[in-house]
Structures are given as structure tokens and as C-alpha cells.
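Below is one structure, written out as C-alpha cells; the observations come after it.
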Amino acid sequence: MPATRLDGKKIALEIRAEVAQAVEQFVAAGNAAPKLAAILVGDDPASQVYVRNKERACEKAGISSQLDRLPASTTPAELLQRIDELNGDPSVNGILVQLPLPQPIGDAPPLDERAVLDAVDPLKDVDAFSPINVGLLMQGRPRFLPCTPHGIVQMLHRCNIQTSGQHVVVVGRSEIVGKPMAMMLAQKDGSCGPETANATVTLAHSRTKNLKEICLTADILIAAVGRPEMIRGEMIRPGAVVVDVGINRVGDRLVGDVHFDEAEQVASAITPVPGGVGPLTIAMLLHNTLLAAKLQSAK
């Protein structure tokens, strides 16, 4: 029997509706609407689409947004100055810098992604990339949770898939998904309670020896390695839950890090690409922006 498809798009709409209601209550209590500021450097087509989708999602949730479009020729000093200005703007609750940053033009100095992300005020770091927020997460007392991993936790919770006591294999060790995902699932408790934490987690990657054998031990397999269809059906234990974080363009198709057709015949449940994890990321960004506004209003 083909696997059950985990409808991330539907769950994301539920979360966005909950955020919109909470924003309405926050504003009704006399607060200004939460505000998200995005910085887009250069004219990467995919980044422009992502930013536009975030703007539309903010509008529907009652969250104010602004977009700073900076040319690809922007220098590191200019970008850091703009971030500093937003850090000091009391009307801005959340700041995100759209990644990837463009490559330098000619002899221009490169934009240091880590330095740029570190410059964002941790209280406005709604992507949860700041080393301060990462450290708080590691200690089990997070301020903000990274959007994609938190979206996955929400999806598992709302689909009644427990991680407590399960073996979760995360394939991919990025700072954005793999590492925080592993840490969140290994905690004693989480945003959705102990049933979607307390996992035994293996963090694997493209250079892991015997990757197939390790993946076959997973009750829940999370693929976030950034390689099109790298996870094949023969790497999945029958009945396992498969979460595909990847989104890759191959010719005229969008595919994940999992070979969907093969995996669907083996897994008990699986996320499609598109329509799986992607929509959840934006939903949790809205959640974090509202949380940032609440934290700042309480100061």
C-alpha cells in the first residue's frame, strides 16, 4: 500500500490561521501589529519568489512587512550598516536576510554570510541563526526555534507521529536544518510536548560510511542533504516515516532529496515535494515574528 502523504500545505494553513488570530488578539490589546523586515541583496529569481511569498503570508496574517532591496554590488559595510539600522528601529520586530547572498562582482569584497547573520539582534533573529539563539536551543531553553525544523515538529505532532523512543536518522548537517533538527528531537521536551522530542537521533551526512545501512535502522528518516533524490527506496525500512526537506530543480521538475516514487512504496508516511515541508517554513516564520513582538513589548 502506498504511503500516506503528509500534507504540509494544509498544516501550514492551519498554523497561519492560528497566528492570524493571535496577531488580532495582540493588536486588540493595544499593541502595534508585528513587523518583519526582510533584506534581499541582488536579483536571484528564486530568492525574489521566496521573499514575495513571505510578504503575502505576512499580509494575510495581519503582520506588517517591509522589504529592503539592495543591489548585488552592496559592500559588506553597507549591508552591516543597514542591519544595524533595523536593529535600532523600534517598529521592527523581526529581521531576516534572504539567503544565499550573491557572489562578489569583480574585485568587490565578498559578503560574509556568517558575519551578516551574526549582526542581527538576537531578539529580532526570527530565523534563529544567531549564535546566542543557537546556544539557547542547545541548552534546551530556546528563545526562537529554527523555522524549518520547528515546522517539521509541528507536522509530526499534528499528524500524531510520535518521536519519543523512536530512532530518527537525520541525513544532512546544515546549520539551518540538520543540526538544529537533531538537537530539537533529542531534547527531553519541545514546543509540542515530550511526545515529539525524546528521540534517539543519528546525524548522518553525504560522507557517512554505510549510509544505506544506517538509514535502514530509522523509524523516522529526515532527508536534508541537498542532493536530488539521493535517498532511494532501498535505503528505507518498510513502514518508516520519511520527511523530505530537499527541494531541487532537475530539468523542468522540482524534486526532493528522496526518490519519491520508490520511497512511497516502502514508507508508511511521506512528505511530497513540493507541498510538504516548504510551506511550513513560512508558517513558523510568522509564528516567530509574533513571538518577537511579544517579547519586545514585554521589555
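The sequence shown runs 1 to 299 under UniProt numbering.
Don't be surprised by glycine CBs; every beta carbon is placed ideally from N, CA and C.
In this text the structure is predicted, and so the values were computed from the model without any measurement.
- Counting along the chain, the unbroken alpha helix (DSSP H) around residue 150 starts and ends at 147-158.
- For residue 35, DSSP records a beta bridge to 64.
- Between residue 66 and residue 38, the C-beta spacing is below 9 Å.
- Within the same chain, 178, 181, 182, 203, 222 come within 6 Å of residue 170 by CB-CB distance, once the 5 residues on both sides are set aside.
- Contact annotation: residue 267 and residue 242 have beta-carbon atoms nearer than 9 Å.
- Look at the beta carbons and you see the stretch 93-101 touching the stretch 111-120: at least three pairs across the two are nearer than 8 Å.
- Counting the other CB atoms within 10 Å of its CB gives residue 35 a total of 16 or more, which places it among the buried residues.
- Beta-bridge pairing by DSSP links residue 94 to 36.
- Rounded to whole angstroms, the separation of the alpha carbons of residue 62 and residue 56 is 10 Å.
- At least 9 Å separates the beta-carbon of residue 231 from that of residue 273.
- DSSP places residue 231 in the strand class (E or B) of the three-state scheme.
- The beta carbon of residue 5 lies closer than 7 Å to those of 270, 272 in the same chain, with the five residues before and after it left out.
- Boundaries for residue 105: no alpha helix (DSSP H) harbours it, and the DSSP string shows neither H nor E there.
- Rounded to the nearest whole angstrom, the C-alpha separation of residue 219 and residue 135 is 28 Å.
- Residues 153, 184, 196, 197 of the same chain have their beta carbon placed closer than 8 Å to that of residue 190, with the five preceding and five following residues left out of the count.
- Three or more beta-carbon pairs drawn from the stretch 285-295 and the stretch 142-149 are found closer than 8 Å, and the two stretches are therefore classed as touching.
- When C-beta atoms of the stretch 67-87 are compared with those of the stretch 14-26, fewer than three pairs fall below 8 Å, so the two segments do not count as touching.
- Rounded to whole angstroms, the separation of the alpha carbons of residue 125 and residue 287 is 12 Å.
- Closest option to residue 103, judged by alpha-carbon separation, among 88, 234, 129, 72: 72.
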